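Each residue of the sequence shown is one higher than the one before, starting from 1 at the first, in full-length UniProt numbering. Positions of the beta carbon are idealized from the N, C-alpha and C atoms, including for glycine. Owing to the predicted nature of the structure, the values given are computational and were not obtained by experimental measurement. All remarks here apply to the structure that follows.
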Amino acid sequence: RTYVRGRPLGKGGFAVVYGMQDPSTGENFAAKVVAKSTLEKERARAKILTEIRIHRGCDNAHVVRFVRCFEDAANVYILMELCSNRTLADVVKARGRLTEPECAAYAREIVTAVAHLHAHRVIHRDLKLGNLVATGGRLKIGDFGLACRVESDDERKTTICGTPNYIAPEVLAGSKGGGHSYEVDVWSIGVIIYTLLVGTPPFQTSDVHATYKRIRANAYEFPEGVVNEGARELIRRCLAPKPGDRPKIAEIATHPLLNAGWRGATPWSMPTPRVDMDKMERSTRSGGGAGGVDAAKKPRAPLSSSAGVATSAPIDPAEFATLGMDSPTTTAGGVHPVGSGASAAASGSNAPGNASLEAFPPLWVTRWVDYTSKYGLGYVLSDGTFGVVFNDATKMTQRQPGAASTERRVAPPPVCFRASTPCPPGLEKKVKLMRHFRGYLSSDGRSAGAVEGAVAHLPHVKNWLRTKHAVLFRLSNRTIQVCFQDGSEVLLSSEASACVFTSKSGTRTCHSLGALPQDPELLRRLRYVKEVLHQLVSRA
Numbered sequence: 001r002t003y004v005r006g007r008p009l010g011k012g013g014f015a016v017v018y019g020m021q022d023p024s025t026g027e028n029f030a031a032k033v034v035a036k037s038t039l040e041k042e043r044a045r046a047k048i049l050t051e052i053r054i055h056r057g058c059d060n061a062h063v064v065r066f067v068r069c070f071e072d073a074a075n076v077y078i079l080m081e082l083c084s085n086r087t088l089a090d091v092v093k094a095r096g097r098l099t100e101p102e103c104a105a106y107a108r109e110i111v112t113a114v115a116h117l118h119a120h121r122v123i124h125r126d127l128k129l130g131n132l133v134a135t136g137g138r139l140k141i142g143d144f145g146l147a148c149r150v151e152s153d154d155e156r157k158t159t160i161c162g163t164p165n166y167i168a169p170e171v172l173a174g175s176k177g178g179g180h181s182y183e184v185d186v187w188s189i190g191v192i193i194y195t196l197l198v199g200t201p202p203f204q205t206s207d208v209h210a211t212y213k214r215i216r217a218n219a220y221e222f223p224e225g226v227v228n229e230g231a232r233e234l235i236r237r238c239l240a241p242k243p244g245d246r247p248k249i250a251e252i253a254t255h256p257l258l259n260a261g262w263r264g265a266t267p268w269s270m271p272t273p274r275v276d277m278d279k280m281e282r283s284t285r286s287g288g289g290a291g292g293v294d295a296a297k298k299p300r301a302p303l304s305s306s307a308g309v310a311t312s313a314p315i316d317p318a319e320f321a322t323l324g325m326d327s328p329t330t331t332a333g334g335v336h337p338v339g340s341g342a343s344a345a346a347s348g349s350n351a352p353g354n355a356s357l358e359a360f361p362p363l364w365v366t367r368w369v370d371y372t373s374k375y376g377l378g379y380v381l382s383d384g385t386f387g388v389v390f391n392d393a394t395k396m397t398q399r400q401p402g403a404a405s406t407e408r409r410v411a412p413p414p415v416c417f418r419a420s421t422p423c424p425p426g427l428e429k430k431v432k433l434m435r436h437f438r439g440y441l442s443s444d445g446r447s448a449g450a451v452e453g454a455v456a457h458l459p460h461v462k463n464w465l466r467t468k469h470a471v472l473f474r475l476s477n478r479t480i481q482v483c484f485q486d487g488s489e490v491l492l493s494s495e496a497s498a499c500v501f502t503s504k505s506g507t508r509t510c511h512s513l514g515a516l517p518q519d520p521e522l523l524r525r526l527r528y529v530k531e532v533l534h535q536l537v538s539r540a
């Protein structure tokens, strides 16, 4: 059997999740790919085997479906149902705290899934917003990298594992505390419900050790006027320090909180205060238009059985096993605001001894969202221009609600049109996607700071590249903007022959490109920018 590998969907631990397609049927899957080089230790091999056995045995509508597993000379592949890239973590990032009826609808589905796991003596041990995936109108549990199975209800596990904000106190205690069992999932449900209603986890701090200290001390509080007493009572019981004081899953299912609100409905069909990427996906399924976006989703790099891929044989326990991996991270996991270095360039604020900032072109990316797993990159420029770089290399920009400009990186010239006029043939789907990107990038769905001007030749992102350490944007005015993960930022302008550097501490300096700067921190970043630019140019 042959599978065709697509783009990476996410990664965690020592594994990467890719899109996969069966070319004989056209069916798409997600594949967790684990390099065999990471499975040399017996513990790692045992772990992957446990994950496969547990996930394979969990057949439920609220669990991400296990399809099959196979191997080749280099990797182990776990083939799963392909879900939307939208998780509850994305919902909270986009929405903040949810209403009680919405929380109730989500909680009902979580409890249904956990009840199925516990009925099969499976403890998930890593329930969190990022492992709860929305797909097909349901909420599904994914990532069984830390899951375990108990032989009896009295058995206790002593491995210290999980995600800091969601770990139960008995897990932190390890063997000294007598071990843990099903109650750790109940604790996590309490954390999830609190987070949905409040917007942040109950024990969250900026330091993991401080978070653990708060968990051990059961130190959390409810914001005034946010959570009603009924919901507080359920959360307090789920977060009881002693495992025996926590409710059983069946008790949670009958709690008044979970039986209030839109009974029988799911939040995926509920109205939301802002346009989101899930709505964008639903609304474009029936749309026509250019096939470029769909074509961009076609996977590549065949994995052929003739190259040594097993067809359906299970993984040998003597060869493989589990390794904990976070669920696939969404590339559309929320809007990314860009640092203040660019805005400083426009404001003309100078640090002592800096070159002049006034000459620097006042154009940069202020917000962006990476949704290349489906459609492309959406962004907002400092002059109010909205734009999308689609996966098929089509670029669309919009200065104001009534005007739009589309550019293709092929022979035809740019197409310019207004929203009040009929959409050019073949662009209907992209126009609809553009509208949803705009809604996602602004709270009111409109451009902030939009200015009047000609529709043609709007400023835009010509191309961009995301690396492990930074995101690089190349703008149409020949400005290069690089946003590093540590908060620092570099702006390069050939027009002004200048470089604006914002350090991770927030210090801004302007340098002439005619001479090498003396700042070693900036020099390191400029070398990195040079390497990334080379990658960008070579792939163009």
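- DSSP places W364 in no beta strand (DSSP E); its state is neither H nor E.
- Sixteen is the threshold: when 16 or more other Cβ atoms of the shown chains lie within 10 Å of the Cβ of T394, as they do, the residue is buried.
- The stretch 84-133 contains, as complete alpha helix (DSSP H) runs of 4+ residues, the segments 88-95, 100-119 (chain order).
- Comparing alpha carbon positions, the residue from A496, L433, A73 closest to V388 is L433.
- With three or more CB-CB distances shorter than 8 Å, the stretch 29-47 counts as touching the stretch 13-20.
- Our two residues, L132 and G142, have alpha carbons roughly 6 Å apart in a direct line.
- Between H124 and A147, the C-beta spacing is below 8 Å.
- For V369, the pairing in a beta bridge is given by DSSP as G378.
- It is roughly 22 Å from the alpha-carbon of T254 to the alpha-carbon of L129.
- Taking all protein chains shown into account, T200 has fewer than 16 neighbouring C-beta atoms within 10 Å of its C-beta and is therefore exposed.
- Ranked by how close their Cα comes to the Cα of T25, the residues Y3, P8, K11 have Y3 in first place.
- In the DSSP assignment, D22 falls within the beta strand (DSSP E) that extends over 15-22.
- Residue R149 holds the alpha-carbon nearest to the alpha-carbon of T50 among R149, V380, H469, A231.
- For a cut-off of 8 Å, the C-beta gap from G174 to T158 is around 5 Å, short enough to register as a contact.
- A direct Cα-to-Cα measurement between P101 and L197 gives close to 10 Å.
- Between W464 and L363, the C-beta spacing is not below 8 Å.
- Note: W464 is bridge-paired with F473 in the DSSP secondary-structure output.
- Distance between L513 and G439, taken at the CA atoms: about 38 Å.
- N165 is the residue among V380, N165, G225 whose C-alpha sits nearest the C-alpha of A210.
- Relative to the Cα of H460, the nearest Cα in the group S373, H469, I480 belongs to I480.
- The shortest C-alpha to C-alpha distance from E109 to any of S84, T135, D90 is the one to T135.
- The C-alpha of R5 lies about 28 Å from the C-alpha of L127.
- Each residue's CA atom was taken as its position, placing N28 and M80 some 9 Å apart.
- The C-beta of T366 has 16 or more other C-beta atoms within 10 Å across all chains shown, which makes the residue buried.
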